Amino acid sequence: MAEKSNADAKASKNNKYMTSEDPEQPSESSTHKEKGSQSSESEEEYFKNVSERFDKDIKDLKDLIALNEKECNRLLFDRLLDVIRVE
């Protein structure tokens, strides 16, 4: 009995489950656009625009951080001067 279950277990580990296509998933040919096709070009343009906006947002955030660091340094310097004056 145990031998039969081992044989069934080995048969169920067949690679066909890994290599067979899922009927609910679109085929690979429909998901990949041909290079140079209109939809491929529009996707590239969209991603280019999105990445440019992200780059601008990142630059703006870096500038804001630098400005905040300068402000913090100025405040710390003012506090240091106040401490020196008190002594």
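Anchor point for the sequence shown: position 64 equals 64 in the UniProt record's numbering, and the numbering is continuous, going up by one each time.
Yeah, the Cβ is synthetic: ideal placement off N, Cα and C, and Gly gets one too.
Just so it is clear, the structure is predicted and the values come from calculations on it, not from any experiment.
My output table needs one value for residue i: the three-state DSSP class, helix, strand or coil.
{"i": "Glu87", "result": "coil"}
{"i": "Ser51", "result": "helix"}
{"i": "Ser37", "result": "coil"}
State the Cα-Cα distance for the pair residue i and residue j, rounded to the nearest angstrom.
{"i": "Tyr46", "j": "Ser40", "result": "10 Å"}
{"i": "Glu87", "j": "Ser51", "result": "54 Å"}
{"i": "Cys72", "j": "Asp60", "result": "18 Å"}
{"i": "Arg79", "j": "Glu69", "result": "15 Å"}
{"i": "Ser42", "j": "Lys56", "result": "21 Å"}
{"i": "Ile58", "j": "Leu64", "result": "10 Å"}
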